[in-house]
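Trainee: In the working numbering, each residue's number is its place in the sequence shown (first place is 1) plus 3.
Take this structure, written in structure tokens, and hold onto it; I'll ask about it next.
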Amino acid sequence: MLANSWVADLGLIAGLVLLIFLALRGVNILLAVLFSILIIGLTNSIPLADVFLKHFPFGASGAFSFAGNFLLLFLCGGLFGRIMAASHAAQGVAMGVTARLGQQRALWIAMLVCAVLTYGGVIVFVVMFTMYPIGVSLMRSANIPRRLYAAAIALGAGTFTMTALPGTPSIHNVIAARGLGTDLFAGGWYGLLAGLIMAGIGMLYLQWQWRRALAQGEQYVANEKDQQMAALAPKEDADLPGLTRSLLPIVLVLGTILVPRLLAMSGADWQWVGFANSQPVLWASFALILGSLFCFVLFAAVRQQFIQAAGRGVDDAMLPLINTAAVIGFGGVVIQTQGFHAFAQWLLGLDIPALLSVFVSANLISGVTASASGGLQIFMSSLAPAYLEAGVSAEVLHRIANLAAGGLDSLPHSGAVIALFTLMGLSHKEAYKDIFVVTVLIPMLAALVAVVAALLFA
4 MLANSWVADL
14 GLIAGLVLLI
24 FLALRGVNIL
34 LAVLFSILII
44 GLTNSIPLAD
54 VFLKHFPFGA
64 SGAFSFAGNF
74 LLLFLCGGLF
84 GRIMAASHAA
94 QGVAMGVTAR
104 LGQQRALWIA
114 MLVCAVLTYG
124 GVIVFVVMFT
134 MYPIGVSLMR
144 SANIPRRLYA
154 AAIALGAGTF
164 TMTALPGTPS
174 IHNVIAARGL
184 GTDLFAGGWY
194 GLLAGLIMAG
204 IGMLYLQWQW
214 RRALAQGEQY
224 VANEKDQQMA
234 ALAPKEDADL
244 PGLTRSLLPI
254 VLVLGTILVP
264 RLLAMSGADW
274 QWVGFANSQP
284 VLWASFALIL
294 GSLFCFVLFA
304 AVRQQFIQAA
314 GRGVDDAMLP
324 LINTAAVIGF
334 GGVVIQTQGF
344 HAFAQWLLGL
354 DIPALLSVFV
364 SANLISGVTA
374 SASGGLQIFM
384 SSLAPAYLEA
394 GVSAEVLHRI
404 ANLAAGGLDS
414 LPHSGAVIAL
424 FTLMGLSHKE
434 AYKDIFVVTV
444 LIPMLAALVA
454 VVAALLFA
């Protein structure tokens with residue numbers, strides 16, 4: 004059957020709306036994607052065999068293609084995060100920062116610890132589980148509303164370390180590097196500028212909201228989740244490693260990623276340097292494995308359970324990998340529709356600077372998929388080549404697209420937002436406003452500033 008244009012467009016919109024609706028209802032994202040692409044395929048005259056056996060699993064934006072290309076990085080990230088937790092190094096970082104800053108600076112503590120852990124390669128879900136139990140006592144001592152502590156976690160774990168700071172082994176940074184042939188430090192100055200804006204304005208907002216909440220009589224109120232998680236927090240007399248020692252594995256991971264870049268800049272032409280800089284997935288994975296092995300050597304607590312912890316790390320990696328791959332496979336079907344092609348042509352034809360068009364397109368795609376990594380992968384496979392042909396530098400495109408993808412990705416149907424609220428027993432009505440400000444509005448502002456800087460100086 005042949006679908007006319009309005010039926011095809013209506014079906015595409017219906018598929019997108021269904022995906023968002025099902026995600027908000029808590030339906031498994033893979034099931035939500037399968038139902039959505041069924042509607043899109045039927046209304047856009049795409050044979051169902053092609054939908055489910057070709058476009059969804061394979062191709063540049065296929066679920067299996069993505070999973071195959073990035074499986075190693077997800078596994079190594081999950082492994083390192085779980086080993087950091089099992090060795091008590093993650094808790095050591097959190098308690099060490101708390102001891103130095105004092106519990107009254109709980110929002111700063113949450114943001115800084117989450118930033119350090121995620122910048123060093125610890126996956127977001129491990130960071131959440133590390134910071135929430137510790138946060139119960141922090142919220143109680145400082146009388147911080149739970150919604151603001153959740154926003155501080157989101158600010159530290161899901162904004163500037165995810166897309167802005169150069170060198171991070173985050174999946175977003177690696178997707179851009181692999182898609183454009185750049186390294187993990189590409190467009191670093193623009194990333195640093197944007198990162199400072201996200202962290203600085205984000206914390207100013209949270210501190211302002213805290214003072215406002217206290218003035219209005221809003222206080223910390225514990226719930227059942229808090230009582231359950233408080234039991235998992237390290238005791239005051241717990242034998243945790245010190246802050247400096249706990250940071251060493253993270254320093255090793257970042258140093259391993261940084262060294263080849265520095266050597267290349269100094270003119271070294273050794274074969275392994277070229278290999279490291281040209282293989283962002285393999286080299287970042289190697290750095291994470293090295294960090295995990297260093298934990299084994301450094302911390303006695305993990306030695307007796309290293310294999311078990313490694314197995315749990317693999318388990319930790321699989322759900323984010325499957326969810327991200329499913330969203331990207333959804334994009335693999337969407338980009339086959341005439342509606343998407345018209346949308347892409349409209350974006351590329353806008354009478355605005357190319358980098359501003361990048362900002363708009365990467366943001367919109369990430370907003371639809373509710374995933375920065377999913378939106379970025381779809382952008383890289385479908386639109387990035389056109390921007391390169393238009394003369395945009397690969398390094399600048401790497402960073403601006405990364406920053407833009409980290410804007411609308413945190414809409415209410417975002418998997419990370421839903422996971423954080425589920426973990427802390429919060430509702431969208433209670434807490435989403437603050438999450439929206441620190442993970443959507445401020446990152447979009449930071450990305451726009453980076454766009455202006457790139458237009459002026461690139």
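A virtual CB, placed ideally from N, CA and C, is assigned to each residue, including glycine.
How many angstroms separate the CA atom of Ala-6 from the CA atom of Leu-13?
Mentor: The predicted position of Ala-6 is uncertain, since its pLDDT is 48 and thus under 50; a value taken from the coordinates is nonetheless stated next. Cα-Cα distance, rounded: 11 Å.
Trainee: For the segment 432 to 452 and the segment 400 to 419, state whether three or more C-beta atom pairs, one from each stretch, are separated by less than 8 Å.
Mentor: These segments touch.
Trainee: If contacts are defined as beta-carbon pairs under 8 Å, then Phe-73 and Gly-65 qualify, I think. What distance do you get, rounded to the angstrom?
Mentor: Not a contact, Cβ separation roughly 12 Å.
Trainee: Would you report the Cα separation of Phe-55 and Ala-422, rounded to the nearest angstrom?
Mentor: Each residue's Cα considered, the two are about 28 Å apart.
Trainee: Would a C-beta distance cut-off of 7 Å place Leu-19 and Ala-35 closer than the cut-off?
Mentor: No, the pair does not count as a contact, with Cβ atoms beyond the cut-off.
Trainee: Quick one: what's got a C-beta closer than 8 Å to Gly-314's C-beta in the same chain, skipping five residues either side?
Mentor: Same-chain partners within the cutoff: there are none.
Trainee: If Ala-145 sits next to Ala-202, beta carbons under 8 Å apart, how far is it from one beta carbon to the other, in whole angstroms?
Mentor: About 20 Å separates the two Cβ atoms, so there is no contact after all.
Trainee: What residues in its chain sit with their C-beta under 7 Å from that of Leu-458, if we drop five residues either side in the sequence?
Mentor: These residues qualify, in order along the chain: Pro-356, Leu-358.
Trainee: Assuming Ser-374 and Asp-412 are in contact, meaning their beta carbons sit under 8 Å apart, how far apart are those beta carbons, in whole angstroms?
Mentor: At roughly 6 Å, the Cβ-Cβ gap stays under 8 Å, so Ser-374 and Asp-412 are in contact.
Trainee: Whole angstroms are fine: how far does the CA of Asp-437 sit from the CA of Ala-97?
Mentor: Answer to the nearest angstrom: the Cα atoms are 23 Å apart.
Trainee: Under a Cβ-count criterion, where at least 16 other Cβ atoms within 10 Å of its own Cβ denotes burial, should Trp-213 be classed as buried or exposed?
Mentor: The residue in question, Trp-213, is buried, as its Cβ has 16 or more Cβ neighbours within 10 Å.
Trainee: In its own chain, which residues sit with a C-beta less than 7 Å from the C-beta of Gly-184, not counting the 5 before and 5 after it?
Mentor: Correct list, in chain order: Ala-397.
Trainee: Am I right that Leu-187 and Asn-176 are in contact with their C-beta atoms under 8 Å? What's the rounded C-beta distance?
Mentor: Between Asn-176 and Leu-187 the Cβ distance is about 5 Å, and since that is below 8 Å, they are a contact.
Trainee: Have a look at Ser-281, Gly-205, Leu-217 and flag the residue whose alpha-carbon is nearest the alpha-carbon of Ala-113.
Mentor: Of Ser-281, Gly-205, Leu-217, the residue nearest in Cα terms is Gly-205.
Trainee: May I ask which residues mark the beginning and end of the alpha helix (DSSP H) holding Ala-404?
Mentor: Taken as a continuous stretch (DSSP letters only), the alpha helix (DSSP H) holding Ala-404 covers 397 to 408.
Trainee: Would you kindly check if the distance between the Cβ of Pro-263 and the Cβ of Phe-297 is under 7 Å?
Mentor: Against a cut-off of 7 Å, the Cβ pair of Pro-263 and Phe-297 comes out as no contact.
Trainee: Between Thr-101, Gly-124, Leu-168, which has its C-alpha nearest Leu-141's C-alpha?
Mentor: Among Thr-101, Gly-124, Leu-168, the Cα nearest to that of Leu-141 belongs to Thr-101.
Trainee: Could you tell me which of Ser-384, Gly-410, Pro-136 sits nearest to Leu-451, measuring between CA atoms?
Mentor: The shortest C-alpha separation from Leu-451 is found at Gly-410.
Trainee: Give the straight-line distance between the Cα atoms of Met-4 and Val-10, rounded to the nearest whole angstrom.
Mentor: Caution applies to Met-4, whose pLDDT of 44 falls short of 50 and renders its modelled position unreliable; the model cannot decide the point.
Trainee: From Asp-272 to Thr-425, what distance separates their C-alpha atoms?
Mentor: Roughly 50 Å between the two C-alpha positions.
Trainee: In or out: Asp-464 buried (at least 16 other Cβ within 10 Å) or exposed?
Mentor: Within the shown structure, residues of the chain are numbered from 4 to 461, placing residue 464 beyond reach of any answer.
Trainee: Taking the straight line between their C-alpha atoms, what separation do you get for Phe-302 and Val-361?
Mentor: Their Cα atoms are separated by approximately 45 Å.
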